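Chemist:
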Amino acid sequence: MDLCVRCGAIPSVRAMDLLERRRRSRTVPAHRRSSVVPLPLTRPGGARRLRVLVVTESFLPQVNGVTNSVRRVLEHLAAEGHEAELIAPTGPATYAGFPVTHARGANLPFYADFRIGLETRRRLRATMERFRPDVVHIASPATLGYQAARAARSLGIPTVAIYQTDLVGFADRYAIPGGARAMESLTRRIHLGVDRTLAPSSASIQQLDRLGIDAVARWPRGVDQVLFEPARRDEAFHAELAPHGELLVGYVGRLAPEKELELLTHVGRLPGVRLVLVGGGPEEERLRALLPDAAFLGVLHSVELARAYATLDVFVHTGRHETYCQSAQEALASGVPVVAPRAGGPIDVVDDTVAGYLYEPGDAGELVAHVERLLTQPVLRRRMSQAARASVRDRTWQAVNELLVSHYLDVSAPAVSRRRAG
């Protein structure tokens, strides 16, 4: 019987062997039970230092959830004394003291700001043979991640894939002919070919289960609670954005079709509201026309971004295809109540009716009703603001990345034992 990682239970060796053979199969059984990979109760080899090759489809200067989580992982590995290298389509020559190898890539024709990796398996194998990693971390795999997984498998190197982008939902939203089916197939091929998949939310695990992908564990996202905090609220900045005493309702993230930001037009009609949008993307021009009275602050970083979050009165997210919704979590850390769809990551991130509200995806009426309730009831808003900060108190990057390293150690232990025996 396969048991849940969140329960801390470990299945028998025979069950793990069966799980391994099943995962290696290229076909999905017609009748199966979802398996969630357990973590060891103790780390193999104690405080063993690892060599980690991180492969990502997205990195600086792109600013998105994948880039941010990869940066946090590299920073943690550096702080803990591990060795790492990064392969990415873009980025600086080094990050956190680790070298960055630039993969070949191309811009998406319908999203020029997003570059995907198109590296060959031969070149990826060469990097792996030179660096000799204990584990390959594949962040939000698509084209580059698929090749990396196959290269690592051919060399017998353990792999951990991070499911972070809903490729199927992405293809649906951009109306790519045959795209959803192709992305379903790609997602299966990738995640059935790795040693472990880590998904950020219960909804993501269920989505992968529906695609026939088991051997999945939950790995959430942390939040920088020093950077994102209520004390960064700036009343002068609030007055600048709302000169007539309006309340600020804001969104932070990519301005892209899959975010369904046209729903904000309904929020913008509420009296005494000023919309604030932080971010950039292909939809910016269209949204400026739809929301002529909104404040568009562009892409912000670090303290400026934290100030923008904390100065909002209510945070709104509109997209239904978020595997986690890190921006909602950063808003909560900033003491801002969140209104988000009852779908995907927000289900786990937002404590409904306590730190904010969840609404039926695409339901403009329910979205507006929740926002209006928060704006017209200041006592409720203050109570939810306090609950928002408290709800993320245990979600630190340190704790989250320690969990990630435990997964690394678990999947790499058999390979390390084989090398030592040889």
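Going by full-length UniProt numbering, the sequence shown runs without a break in its numbering and finishes at 422. Don't be surprised by glycine CBs; every beta carbon is placed ideally from N, CA and C. Please read all numbers here as calculations on a predicted model, not as lab measurements.
(1) Check whether the region 160-170 touches the region 133-140, taking contact to mean three or more Cβ pairs, one atom from each stretch, closer than 8 Å.
(2) Could you have a look at residue 332 and say whether DSSP puts it in helix, strand or coil?
(3) Flag this pair as yes or no: are the beta carbons of residue 349 and residue 249 separated by less than 8 Å?
(4) Give the C-beta separation of residue 323 and residue 356 to the nearest angstrom, bearing in mind that I take them to be a contact with Cβ-Cβ under 8 Å.
(5) Is the number of C-beta pairs between the region 388-398 and the region 59-67 that are closer than 8 Å three or more?
(6) Would you list the residues sitting across from residue 101 in a DSSP beta bridge?
(7) For residue 320, collect the residues of the same chain with a Cβ closer than 8 Å to its Cβ; drop the 5 residues on either side in sequence, then sort them by chain order.
(8) Closer than 8 Å is the cut-off here; do at least three beta carbon pairs connect the region 255-274 with the region 180-197?
(9) Taking the alpha carbon of residue 291 as the point to measure from, which residue in 265, 234 and 142 has its own alpha carbon closest?
(10) What does the alpha-carbon distance come out to for the pair residue 211 and residue 376?
(11) Kindly list the residues whose CB is nearer than 8 Å to the CB of residue 284, restricted to its own chain and excluding five residues on each side of it in sequence; keep chain order.
(12) Please report the straight-line C-alpha distance between residue 446 and residue 382, rounded to a whole angstrom.
(13) For residue 103, which residues in the same chain have their Cβ closer than 7 Å to its Cβ, ignoring the five residues on either side in sequence?
(14) In terms of DSSP beta bridges, what is residue 296 paired with?
(15) On the criterion of 16 or more Cβ atoms from any shown chain inside 10 Å, does residue 407 qualify as buried, or is it exposed?
(16) By DSSP's criteria, residue 162 is part of a beta bridge. Which residues make up the other side?
(17) Going by beta-carbon coordinates alone, are residue 257 and residue 174 separated by less than 8 Å?
(18) Counting pairs of beta carbons, one from the region 220-236 and one from the region 300-315, are three or more of them closer than 8 Å?
(19) Which of the three DSSP states is assigned to residue 215 in this structure?
(20) Buried or exposed for residue 425, please, with buried defined as at least 16 other CB atoms from any protein chain shown within 10 angstroms of its CB.
(21) Hey, would you say residue 333 sits closer than 8 Å to residue 232, going by beta carbons?
(22) Which whole-angstrom value describes the C-beta separation of residue 270 and residue 371, a residue pair presumed to lie in contact below a C-beta threshold of 8 Å?
(23) Taking the CB atoms as reference points, tell me whether residue 188 and residue 154 lie closer together than 8 Å.
(24) Whole angstroms is fine: what's the gap from residue 29's alpha carbon to residue 203's?
(25) So, helix, strand or coil for residue 120, using DSSP?
(26) For the ligand SAM, I want to know if residue 217 counts as a neighbour, meaning its beta carbon is within less than 7 Å of at least one of the ligand's heavy atoms.
(27) Which stretch, first to last residue, makes up the alpha helix (DSSP H) that contains residue 368?
(28) Is residue 293 buried or exposed, if buried means 16 or more other CB atoms sit within 10 Å of its CB?
(29) Answer with buried or exposed for residue 177, where buried requires no fewer than 16 other C-beta atoms within 10 angstroms of its C-beta.
(30) Is residue 250 helix, strand or coil by DSSP?
(31) Does DSSP classify residue 94 as helix, strand or coil?
(32) Check residue 226 in the structure and name its three-state DSSP category.
(33) Hey, residue 186 and residue 149: beta-carbon distance below 8 Å or not?
(34) What's the call for residue 31, buried or exposed, on a 16-neighbour Cβ count within 10 Å?
(35) Rank 215, 287 and 92 by C-alpha distance to the C-alpha of residue 411 and give the top, closest one.
Modeler: Let me spell this out:
(1) yes
(2) The residue you call residue 332 lines up with position 332 of the sequence shown. Here residue 332 sits in helix by DSSP.
(3) For the purposes of this step, residue 349 is identified with residue 349 of the sequence shown, where counting begins at 1. For the purposes of this step, residue 249 is identified with residue 249 of the sequence shown, where counting begins at 1. Contact flag unset, no.
(4) Here the question's residue 323 lines up with position 323 in the sequence shown. Here the question's residue 356 lines up with position 356 in the sequence shown. Not quite, the Cβ-Cβ distance comes to about 19 Å (not below 8 Å), so this is no contact.
(5) no
(6) Taking the sequence shown and counting its residues from 1, the one referred to as residue 101 is at position 101. Note: residue 101 sits in a beta bridge opposite 87.
(7) Residue mapping note: residue 320 aligns to position 320 of the sequence shown, counting from 1. Closer than 8 Å at the Cβ level, and outside the excluded window around residue 320, lie 169, 260, 341, 343, 344, 361 and 362.
(8) no
(9) Within the sequence shown, the letter at position 291 stands for residue 291. Ranking 265, 234 and 142 by Cα distance to residue 291 puts 265 first.
(10) Residue 211 sits at position 211 when you count from the first residue of the sequence shown. Residue 376 sits at position 376 when you count from the first residue of the sequence shown. So the two alpha carbons sit approximately 43 Å from each other.
(11) Reading the sequence shown from its first residue, position 284 is the one you call residue 284. These residues qualify, in order along the chain: 255 and 296.
(12) Outside the displayed span of the chain (1 to 422) sits residue 446, for which this structure offers no information.
(13) As a position in the sequence shown, residue 103 is number 103, starting the count at 1. Here the set comprises 87, 88, 89, 117, 119 and 144.
(14) Position 296 of the sequence shown holds residue 296. Per DSSP, 277.
(15) Taking the first residue of the sequence shown as position 1, residue 407 is located at position 407. Buried.
(16) Taking the sequence shown and counting its residues from 1, the one referred to as residue 162 is at position 162. DSSP output for residue 162 lists 139 and 198 as bridge partner(s).
(17) For the purposes of this step, residue 257 is identified with residue 257 of the sequence shown, where counting begins at 1. For the purposes of this step, residue 174 is identified with residue 174 of the sequence shown, where counting begins at 1. The answer is yes: Cβ separation under 8 Å.
(18) yes
(19) Counting from one through the sequence shown, the residue named residue 215 turns up at place 215. The answer is coil: DSSP assigns residue 215 none of H, G, I, E or B.
(20) Residue 425 cannot be examined here, being either before or after the span of the chain that is shown, 1 to 422.
(21) Your numbering for residue 333 matches position 333 in the sequence shown. Your numbering for residue 232 matches position 232 in the sequence shown. No, these two residues do not count as a Cβ contact at 8 Å.
(22) As a first step, residue 270 is located in the sequence shown; it is residue number 270 there, counting from the start. As a first step, residue 371 is located in the sequence shown; it is residue number 371 there, counting from the start. About 7 Å separates the two Cβ atoms, so the contact holds.
(23) Counted from its first residue, the sequence shown places residue 188 at position 188. Counted from its first residue, the sequence shown places residue 154 at position 154. No, these two residues do not count as a Cβ contact at 8 Å.
(24) Numbered from 1 along the sequence shown, position 29 holds the residue referred to as residue 29. Numbered from 1 along the sequence shown, position 203 holds the residue referred to as residue 203. Low local confidence applies: a pLDDT of 35 at residue 29 is under 50, so the model's placement there is unreliable, and no value is given.
(25) Position 120 of the sequence shown holds residue 120. Residue 120 falls in the coil class under three-state DSSP.
(26) For the structure depicted, the ligand SAM is absent and the ligand set is empty, with no information on it obtainable.
(27) Along the sequence shown, one-based indexing puts residue 368 at 368. Run containing residue 368: 364-376, per the alpha helix (DSSP H) assignment.
(28) Stepping through the sequence shown from its first residue, residue 293 is reached at position 293. Exposed, because fewer than 16 other Cβ atoms sit within 10 Å of the Cβ of residue 293.
(29) Taking the sequence shown and counting its residues from 1, one reaches residue 177 at position 177. The residue is exposed, with fewer than 16 neighbouring Cβ atoms inside 10 Å.
(30) For this step, residue 250 is matched to residue 250 along the sequence shown. In the structure shown, residue 250 sits in a strand (DSSP, three-state: E or B).
(31) As a working note, residue 94 is residue 94 in the sequence shown. In this structure, residue 94 counts as strand in the three-state DSSP scheme.
(32) Sequence index remark: in the sequence shown, residue 226 carries index 226 (1-based). If DSSP states are grouped into helix, strand and coil, residue 226 belongs with coil.
(33) Along the sequence shown, read from residue 1 onward, the residue named residue 186 stands at position 186. Along the sequence shown, read from residue 1 onward, the residue named residue 149 stands at position 149. No, these two residues do not count as a Cβ contact at 8 Å.
(34) Your numbering for residue 31 matches position 31 in the sequence shown. At residue 31, the pLDDT of 33 sits below 50, so the modelled position is not reliable; the number obtained from the coordinates is stated separately. Under this definition residue 31 is an exposed residue.
(35) Locating residue 411 in the sequence shown gives position 411, where the first residue counts as 1. Closest by alpha carbon: 215.
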